[in-house]
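J.: I have a structure I would like to understand better, so I am pasting it below and will then ask my questions one at a time.
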Amino acid sequence: MSKIVSVFGATGSQGGAVVEALLKDGKFKVRALTRNVDSPKAQALKAKGAEVVKADLDDSVDQLAKALEGSYGVFLVTDFWTVFQKELEQGKKAADAALKAHVKHLVFSTLSHCIKLSHGKLSVPHFDLKAEIEQHIRDLSAKNPEFVSSFVLAPFYAQNLSTYFVPRKGEDGSYSLSLPLDPSQGPMEIADINDIGPIVSGIFNDPKKFSGVAVPFQGSVVTGEQIAEIISKTSGKKVSFNFVPPKVFATFFPGAEEMATMFQFYSEFGSFPGKDVKIAQSLATQSTLEQFLTKNPIKLE
1 MSKIVSVFGA
11 TGSQGGAVVE
21 ALLKDGKFKV
31 RALTRNVDSP
41 KAQALKAKGA
51 EVVKADLDDS
61 VDQLAKALEG
71 SYGVFLVTDF
81 WTVFQKELEQ
91 GKKAADAALK
101 AHVKHLVFST
111 LSHCIKLSHG
121 KLSVPHFDLK
131 AEIEQHIRDL
141 SAKNPEFVSS
151 FVLAPFYAQN
161 LSTYFVPRKG
171 EDGSYSLSLP
181 LDPSQGPMEI
191 ADINDIGPIV
201 SGIFNDPKKF
211 SGVAVPFQGS
221 VVTGEQIAEI
231 ISKTSGKKVS
241 FNFVPPKVFA
251 TFFPGAEEMA
261 TMFQFYSEFG
271 SFPGKDVKIA
281 QSLATQSTLE
291 QFLTKNPIKL
301 E
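In structure tokens, the structure reads:
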């Protein structure tokens, strides 16, 4: 009988990619956890062979443990942007529930601890809270050796260039990509978020090897100028890069201040300081930005 892997956020970008990869791999039964089991996305996963179960990270530890009952593995992803500071509580609860449900292997989607790595200079809550959840999970594994934990770290999503950070058309008809990515500092890691799926699947297939291991991944490491050049090449429209100082970018929209600090962290420290991206490359192939945008060109009107 196949072991069950339960996937939080199964209808989201990360969870959905993990469900797809696990189903394709075929070694595990997949339980897709979602708040709305009747949504079109949830029903599509059911049609592909996943068991769809209702679970909400606002549920109690007992309720979450019940949703995870019988699971060998759990993929956990949390979303700061819908609950903000509550993300820490939700992540800890889900980890506690996995332990209570006798889950053997938890894979958590974490991020760098910006405020710690920058020695207090740069605070990026949607990174830092995940790093705190990671530490809680590591503590649980240290106290309970049978509870194996592993971690995966995604960089800036290539998909963001078609949504939140799409190049804008100026009055003269030209396009510009405006980001607080300082050209005088380091380039930025970027990846197709769908590539997280095969990586996580590979981690679940080798719990001993990946016990306590953090696996970052990237498809390309690029400057703002290079991103604009690749968009130009793949969209057929000329796009130039416009560096916006972080303090200016911070005024653009609600949440922009945190985004500006995130880009500053990328520029100064990289997405995964001190971590080895070669591990992910040994598990699966990651698409370059040009490969991704060739398949999914940005529509610039």
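Be aware that the sequence shown starts at 1, since it is given in full-length UniProt numbering, and climbs by one per residue. No residue lacks a Cβ here, since even glycine has one placed at the ideal position from N, Cα and C.
What separation, rounded to the nearest whole angstrom, lies between the Cα atoms of alanine 32 and leucine 45?
T.: Residue mapping note: residue 32 aligns to position 32 of the sequence shown, counting from 1. Residue mapping note: residue 45 aligns to position 45 of the sequence shown, counting from 1. Going from the Cα of alanine 32 to the Cα of leucine 45 covers about 8 angstroms.
J.: For tyrosine 266, does the count of other Cβ atoms within 10 angstroms reach 16, so buried, or fall short, so exposed?
T.: For the purposes of this step, residue 266 is taken as residue 266 along the sequence shown, with counting starting at 1. So tyrosine 266 counts as buried.
J.: Under 8 angstroms between the Cβ atoms of phenylalanine 263 and proline 246?
T.: The count along the sequence shown starts at 1 and reaches residue 263 at position 263. The count along the sequence shown starts at 1 and reaches residue 246 at position 246. Yes, the pair counts as a contact, with Cβ atoms nearer than the cut-off.
J.: Can you find at least 3 beta carbon pairs, one from the region 140 to 147 and one from the region 117 to 132, that sit closer than 8 angstroms?
T.: Judged by pairs of C-beta atoms under 8 angstroms, the region 140 to 147 does not touch the region 117 to 132, as fewer than three such pairs exist.
J.: Rounded to a whole number of angstroms, what is the C-alpha to C-alpha distance between isoleucine 196 and serine 232?
T.: Here residue 196 corresponds to residue number 196 of the sequence shown, with the count starting at 1. Here residue 232 corresponds to residue number 232 of the sequence shown, with the count starting at 1. Distance between the alpha carbons of isoleucine 196 and serine 232 is about 26 angstroms.
J.: Does the beta-carbon distance from alanine 42 to threonine 11 come in below 8 angstroms?
T.: By one-based count along the sequence shown, residue 42 stands at place 42. By one-based count along the sequence shown, residue 11 stands at place 11. The answer is yes: Cβ separation under 8 angstroms.
J.: Between which two residues does the beta strand (DSSP E) harbouring alanine 191 extend?
T.: Indexing the sequence shown from 1 puts residue 191 at position 191. 188 to 191 is the extent of the beta strand (DSSP E) around alanine 191.
J.: I need the straight-line Cα distance from isoleucine 115 to proline 125, nearest angstrom please.
T.: The count along the sequence shown starts at 1 and reaches residue 115 at position 115. The count along the sequence shown starts at 1 and reaches residue 125 at position 125. If I take the Cα positions, the gap works out to 9 angstroms.
J.: In whole angstroms, what separates the C-alpha of tyrosine 72 from that of valine 103?
T.: If you number the sequence shown from 1, residue 72 lands on position 72. If you number the sequence shown from 1, residue 103 lands on position 103. Using only the alpha carbons, I get a separation of about 5 angstroms.
J.: Please report the distance separating the alpha-carbon of aspartate 172 from that of valine 166.
T.: On the sequence shown, residue 172 is found 172 positions in, with the first residue counted as 1. On the sequence shown, residue 166 is found 166 positions in, with the first residue counted as 1. So the alpha carbons of these two residues sit roughly 17 angstroms apart.
J.: Going along the chain, which residues of its own chain have a beta-carbon closer than 6 angstroms to the beta-carbon of valine 18, five neighbours each way excluded?
T.: Within the sequence shown, residue 18 is the residue found at index 18, counting from 1. Contacts found: Val7, Phe75, Gly197 and Val200.
J.: When you compare each of Gly186, Thr261 and His105 to glycine 120 by their alpha carbons, which one comes out closest?
T.: Numbered from its first residue, the sequence shown carries residue 120 at position 120. Residue Thr261 is the option with its Cα nearest to glycine 120.
J.: Tell me which residue opens and which closes the alpha helix (DSSP H) that threonine 234 is part of.
T.: Here residue 234 refers to the residue found at position 234 when the sequence shown is read from its first residue. From DSSP, the alpha helix (DSSP H) with threonine 234 extends over 224 to 235.
J.: Could you please give me the residues that DSSP links to residue 316 through a beta bridge?
T.: Residue 316 lies beyond the residue range present for the chain, which begins at 1 and ends at 301; the question has no answer from this structure.
J.: Quick check for students: name the residue ranges of the beta strand (DSSP E) that lie wholly in the region 9 to 79, counting only runs of 3 or more.
T.: With a minimum length of 3 residues, the continuous beta strand (DSSP E) runs that stay inside the region 9 to 79 are 28 to 34, 51 to 54 and 71 to 76.
J.: For lysine 100, which residues of its own chain have a beta-carbon under 7 angstroms away from its beta-carbon, when the five flanking residues on both sides are left out?
T.: The residue given as residue 100 occupies position 100 in the sequence shown. The residues are Val61 and Ala65.
J.: Looking at proline 187 and valine 221, is the spacing between their C-beta atoms short of 8 angstroms?
T.: Indexing the sequence shown from 1 puts residue 221 at position 221. Indexing the sequence shown from 1 puts residue 187 at position 187. The answer is yes: Cβ separation under 8 angstroms.
J.: Based on Cα-Cα distance, which residue from Glu20, Leu289 and Phe28 lies nearest to isoleucine 4?
T.: Here residue 4 refers to the residue found at position 4 when the sequence shown is read from its first residue. Considering only alpha carbons, the answer is Phe28.
J.: Looking at the secondary structure, which residues open and close the beta strand (DSSP E) in which alanine 214 lies?
T.: Here residue 214 corresponds to residue number 214 of the sequence shown, with the count starting at 1. 214 to 216 is the extent of the beta strand (DSSP E) around alanine 214.
J.: With DSSP run on the structure shown, which of helix, strand or coil describes tyrosine 266?
T.: Here the question's residue 266 lines up with position 266 in the sequence shown. Three-state result, tyrosine 266: helix.
J.: For a quick check, are the C-beta atoms of serine 162 and glycine 219 less than 8 angstroms apart?
T.: One-based indexing of the sequence shown puts residue 162 at position 162. One-based indexing of the sequence shown puts residue 219 at position 219. Not a contact, by the Cβ cut-off of 8 angstroms.
J.: Expressed to the nearest angstrom, what Euclidean distance is found between the alpha-carbon atoms of phenylalanine 151 and valine 37?
T.: Here the question's residue 151 lines up with position 151 in the sequence shown. Here the question's residue 37 lines up with position 37 in the sequence shown. Their Cα atoms are separated by approximately 27 angstroms.
J.: Out of Val215, Lys299 and Ala55, which has the shortest C-alpha to C-alpha gap to alanine 67?
T.: For the purposes of this step, residue 67 is taken as the residue at position 67 of the sequence shown. The candidate whose alpha carbon is nearest that of alanine 67 is Ala55.
J.: Please state the DSSP three-state secondary structure of lysine 247.
T.: The residue given as residue 247 occupies position 247 in the sequence shown. Three-state result, lysine 247: helix.
J.: With DSSP as the reference, label asparagine 194 as helix, strand or coil.
T.: Translated into the one-based positions of the sequence shown, residue 194 becomes position 194. Asparagine 194 falls in the helix class under three-state DSSP.
J.: Let's test the definition: count the other Cβ atoms within 10 Å of the Cβ of aspartate 276 and tell me whether it reaches 16, buried, or not, exposed.
T.: Mapped onto the sequence shown, residue 276 falls at position 276. Exposed, because fewer than 16 other Cβ atoms sit within 10 Å of the Cβ of aspartate 276.
J.: Residue range of the alpha helix (DSSP H) that serine 149 falls in?
T.: Sequence index remark: in the sequence shown, residue 149 carries index 149 (1-based). Serine 149 -> not in any alpha helix (DSSP H); beta strand (DSSP E) instead, spanning 148 to 153.
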